[in-house]
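Chemist: Take this structure first; my questions come after.
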Amino acid sequence: MKLISGLAAVALAATTLVVAAPAQAAETPADRAVSAGSTWLKGQLTAGILHNDEYDYDDLGLSADIAFALDAVGGQDATVDQIAAAVGDDVTSWYDYGTIYTGSAAKAIALMQVGGLDATNVGGVDLQDVVEDNVATTSPIVGRVQNAGETVYPSGEPTDTLNVISQSWAARALGGQDSDLADEVMAFLLKQQCDDGSFRSALTKDKAAPENQQGCAAGTAGEVDTTALTVLNILATPDASVTAKGAALLAASWLKTQQAADGSFSAGALGVNSNTTGLAGWALAEAGQDAAATKAASWLRGVQVADIAPCATTLSADNGAIAYAPADLATVRGAGSFSVPQRELTRRASAQALPALANLPAGADVTVSAPASAVEKSTVTVTVAGLGAGEPACVSLGSEAKSVTGTGSTVPVTFTLPAGAATRTFRVATLTGSSTATTAATATPATPTPTPVPGEPTVGDLDVAKVVKVGRKGIFKVEVACDSTVDCTGKLKVRTVGKVVRPNGAKKVLVVAKSAYDVEAGETAKVVLRLTKPARAAVGTTRTRVVAVQTADGADAVSTKFWLRRK
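Under mature numbering (1 follows the signal peptide of the UniProt record, and there is no 0), residues -25 to -1, 1 to 542 are what the sequence shown spells out, in order.
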């Protein structure tokens, strides 16, 4: 049985629910977050049962919570049915400890209902009889669900740990079974609603108190978790009355007033956490409070593990898990993995928060686009589209990766292409998949050599090594290439780049050598230069930075820097 989706904020007298429109074909941010969370939760099961590794027992109650969550998000029927069947095989160990815990038996009925099984014959047990046998039928507590066989206090007063949440499970379960006691159980549940719309957590301790004291007392405030679960169970009850649906809508309105500005909810002394925020966000969505549900979902995404490779890999094996609180996620990431207690806490949080993630802000299929071509080593900008606001992703080019966060619009990301002409692939990865785009990198264009105009003078191209060695007689050589249609004629003067210290202590730029030259068109010739007398003392075995300037009448001067060093 799928929880009702998209209830509009109708008047209490309305009789028709507004059902959400079918999902679009494109994958949304909510689809990606829910899919990752569903995959992680299913991975915690063994043959349909979640085994508590901290205390070494099969946790049938949490197994059922996972089934309800997977049923709510849809598309997980096989796993839901598997959980229901596996729990059914050992169902008495869930609710019967000598004491009959009727709330657990009622929750088991609801599980059989979503799993498509007969709750009146679960391994030979009629769960409906178990619950109905423990529904009070006499005043002042007609409809109250009770545990049976609980221990007795020394004072002689019996205990009864059954609470409003258990009462809500019973109302849902018996309503789904068309039980003769369903109306009475629902009516007693509705008595627990306080004046402000919330539901209190504990039932009246004294079962003999007058009927007008069996409900929420005037001035009493309810509790978020109880209110949220009660809303969910009422709205999941088949053929719930208009009065019951109206009570659920009123309770959802109260829930909205408890929401913090960042979308989170607090469980009183336990503080802000994903269990409470998840249940409240889920309930708000079922009651048609879409904006508040989206705020809750956005906060929950902040505590969902999303270590997307290659940007982050520490907790990538647990992507989709929903941590109990931001501090818990930080602790686990710092440790590098989940401890057993942290994993158990995260399992419970994920089961209760998963359906709320279905209300994340809008988005679409995530794609990346890139320029069709670009020059090697140039900076290019790729564009990521489809990410919802706040949604994490990783964009990579080869070994370079950049984490990005969605804005609800396109997101630009810049990269520098590697050297070399090749096809370069950009990849954007999300929690559930990836998309790629390519750019054809081309070689850097060669700088063309200007072709001299025939008849125009040119000085030619000086071809010189980085370090030119000077012989013992102060002689060194350079080459001039005349790539021209006319002869290259000019004067070559070599001087120091900076000032050098003269023997008399003065600093001065020295002319190192000079010579005239004439090179035939299309040829290369050596030019022999001799150090000037002042330069002989300045140029030694350590390098001296010099500049050679070629000049000719009517031609542009050309400068070339290099080093001189004696052999």
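Each residue gets a CB set at the ideal place from its N, CA and C atoms; glycine is no exception.
Quick check on Y30: buried or exposed, where buried means 16 or more other Cβ atoms within 10 Å of its Cβ?
Modeler: exposed
Chemist: Under 8 Å, do K352 and T413 count as touching if we go by C-beta distance?
Modeler: no
Chemist: For the pair the segment 157 to 169 and the segment 184 to 191, tell me if three or more CB-CB distances fall below 8 Å.
Modeler: yes
Chemist: Can you have a look at A(-17) and say buried or exposed, based on whether 16 or more other CB atoms are within 10 angstroms of its CB?
Modeler: With a pLDDT of only 32 at A(-17), under 50, the local geometry of the prediction cannot be trusted, and the value read off the model is given with reservation. That one is exposed.
Chemist: In three-state DSSP terms, what is V106?
Modeler: helix
Chemist: So, for T57: in the same chain, excluding its five sequence neighbours on each side, which residues have a beta-carbon less than 7 Å away from its beta-carbon?
Modeler: According to the sequence displayed, residue 57 carries Gln and not Thr. The answer, listed in chain order, is G23.
Chemist: Taking the alpha helix (DSSP H) that T232 belongs to, which residues open and close that run?
Modeler: 217 to 232
Chemist: Just curious, the alpha helix (DSSP H) that V55 is in, first and last residue?
Modeler: 52 to 63
Chemist: Taking Cβ to Cβ, would you say W15 is nearer than 8 Å to N294?
Modeler: yes
Chemist: For G446, which three-state DSSP category applies?
Modeler: coil
Chemist: Does E29 come out as helix, strand or coil in the three-state DSSP assignment?
Modeler: Looking at E29 - three-state DSSP - the assignment turns out to be coil, as it is neither helix nor strand.
Chemist: Since residue 544 is in the beta strand (DSSP E), which residue starts that stretch and which ends it?
Modeler: Examination of residue 544 is not possible in this model, given that the chain is present from -25 through 542 alone.
Chemist: Helix, strand or coil for E454 per DSSP?
Modeler: strand
Chemist: How many angstroms separate the CA atom of L37 from the CA atom of A324?
Modeler: 10 Å
Chemist: Evaluate the contact criterion for the segment 88 to 104 versus the segment 141 to 151: three or more CB pairs, one atom per stretch, below 8 Å.
Modeler: Contact between the segment 88 to 104 and the segment 141 to 151 is present, because at least three Cβ pairs lie under 8 Å.
Chemist: Need the endpoints of the beta strand (DSSP E) that Y492 sits in, please.
Modeler: 486 to 494
Chemist: Inspect the CB distances between the segment 394 to 413 and the segment 277 to 293 and report whether three or more fall short of 8 Å.
Modeler: yes
Chemist: Whose C-beta lies closer than 8 Å to the C-beta of V139 among residues of the same chain, with five residues either side of it excluded?
Modeler: Result list for V139: L164, Q167, F174, R175, S176, A177, L178, T201, T205, in chain order.
Chemist: Distance check for E186 and A(-3), CA to CA, integer angstroms please.
Modeler: Residue confidence for A(-3) is low, a pLDDT of 38 falling below 50, so the modelled location carries little weight; the figure read from the coordinates is stated next. Their backbone Cα atoms lie some 47 Å apart in a straight line.
Chemist: What residues in its chain sit with their C-beta under 7 Å from that of G73, if we drop five residues either side in the sequence?
Modeler: G124
Chemist: For the beta strand (DSSP E) containing S344, list its first residue and its last residue.
Modeler: 342 to 344
Chemist: Do you know offhand how far P509's Cα is from L392's?
Modeler: 50 Å
Chemist: Identify every run of the alpha helix (DSSP H) within the segment 174 to 220, keeping only runs that are complete inside it and at least 4 residues long; order them along the chain.
Modeler: Complete alpha helix (DSSP H) runs here, min 4: 199 to 210.
Chemist: Along the alpha helix (DSSP H) that carries R308, what are the first and last residues, could you check?
Modeler: 301 to 310
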